[in-house]
Amino acid sequence: SARARVLASRANLSEIELQHERQTRLVAAGAAGAATAEDLGARAGALRAQVQAAEAEVQAASADVAVQSVNLKNLTIASPIDGTAINKPAQIGDIVGPFGGNYGGALVELADFASLMVETDVPEQRLHMIRIGGPCEVVLDSTPNKRFRGLVVEVSPKINRSKATAVVKVRFLDRPERLAPEMSARVSFLQKELDAAAMKEPPKTIVPASAVVDRAGAKVVFVVDQGKVRMTPITLGPAFGAGFEVKSGPSPGARVVKDPPAQLADGQQVKERNS
Numbered sequence: 030s031a032r033a034r035v036l037a038s039r040a041n042l043s044e045i046e047l048q049h050e051r052q053t054r055l056v057a058a059g060a061a062g063a064a065t066a067e068d069l070g071a072r073a074g075a076l077r078a079q080v081q082a083a084e085a086e087v088q089a090a091s092a093d094v095a096v097q098s099v100n101l102k103n104l105t106i107a108s109p110i111d112g113t114a115i116n117k118p119a120q121i122g123d124i125v126g127p128f129g130g131n132y133g134g135a136l137v138e139l140a141d142f143a144s145l146m147v148e149t150d151v152p153e154q155r156l157h158m159i160r161i162g163g164p165c166e167v168v169l170d171s172t173p174n175k176r177f178r179g180l181v182v183e184v185s186p187k188i189n190r191s192k193a194t195a196v197v198k199v200r201f202l203d204r205p206e207r208l209a210p211e212m213s214a215r216v217s218f219l220q221k222e223l224d225a226a227a228m229k230e231p232p233k234t235i236v237p238a239s240a241v242v243d244r245a246g247a248k249v250v251f252v253v254d255q256g257k258v259r260m261t262p263i264t265l266g267p268a269f270g271a272g273f274e275v276k277s278g279p280s281p282g283a284r285v286v287k288d289p290p291a292q293l294a295d296g297q298q299v300k301e302r303n304s
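30 is the number of the first residue of the sequence shown in this note's numbering; add one for each residue after it.
Now the structure itself:
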């Protein structure tokens, strides 16, 4: 707006200066009186002052724009990643602080869905079997009948002493269509990468042979559930490694008792031990 006023003032000044120049030539030729030329000269002087005032207004407005730009920059928080907000962002009046904590809640929580990885706890005594770049198979609880190829990208250098485990991060080679933070997944670490034919096979549930016992002429396993064991009938398929494929029985991921003693009974309380 200030720049527009400068242009308008300059246009008016140019018009009056042109009229003043013409009137001055007429006065010099004796064809007109000097009064009109003097009036036009005075008006041109006033318009020059208006142009200067308009230009000063532009400078003042430009300085104000610079100040507001700095204020806007101070009020703008740039995201460090390309991501998606996965929580309700802070509203006007909320207290926020660095990383939340004691200084207030987080401003917004972002997730980069293109770089989501699986974090799994691996027992300390099995860490020697894990290698960076090693192939994996990942099965999400949300899609238990689909298998995805994975790759070990990081092994935590620190052991969680309370659980005797280390965190291993696995990157997806085959990205699932629907993937969200905090999803549950099961990871199988492989000796070699699965080929295309193997990936088309449905996932198998394997039970260790040492967990299967006979009770009343039937095959059963003892599943640990909230501090108690539940005797669960099981139907076995072909042998697979040190165990058997499960045709029917406990769900994948269930914890079973290894080498259950003969006196172990359904509903008995037990205590788990890391070994």
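Yeah, the Cβ is synthetic: ideal placement off N, Cα and C, and Gly gets one too. Bear in mind that the values here come from a model prediction, so they are computed numbers and not experimental data.
query: Where S185 and A214 are concerned, what is the direct C-alpha to C-alpha distance, given to the nearest angstrom?
result: 19 Å
message: Here's a check: name, in chain order, each residue in its chain whose Cβ is nearer than 7 Å to the Cβ of V151, leaving out the five neighbours to either side.
response: I159, T194, A195, V197
task: Mark P267 as exposed unless 16 or more other C-beta atoms lie within 10 angstroms of its C-beta, in which case mark it buried.
output: exposed
message: Determine whether the beta carbon atoms of T65 and Q48 lie at a separation below 7 Å.
response: no
message: Let me confirm a value: S277 is counted as buried when at least 16 other C-beta atoms fall within 10 Å, else exposed. Which label applies?
response: exposed
task: With a threshold of 16 other CB atoms inside 10 Å of the CB of A307, please say whether the residue is buried or exposed.
output: Shown here, the chain extends from 30 to 304; a query on residue 307 therefore has no answer.
message: If you measure between the beta carbons of V250 and V258, is that distance less than 7 Å?
response: no
- request: In the DSSP assignment, find the beta strand (DSSP E) that holds V168 and state where it starts and stops.
  value: 164 to 169
query: With distances taken between CB atoms, is the gap from P164 to L219 smaller than 7 Å?
result: yes
- request: Compare the C-alpha of R155 against each of A85, I188, T172 and name the closest.
  value: I188
field: Distance, R244 Cα to P290 Cα
entry: 11 Å
query: Does DSSP put N189 in a helix, a strand or coil?
result: strand
message: Buried or exposed for S98, going by 16 or more other Cβ atoms inside 10 Å?
response: exposed
query: Cα separation between D68 and E46?
result: 11 Å
- prompt: Going straight from the alpha carbon of V236 to that of A209, what length do you get?
  reply: 29 Å
- request: For Q298, name the three-state secondary structure that DSSP assigns.
  value: strand
query: Can you check whether the CB of V137 is closer than 7 Å to the CB of A107?
result: no
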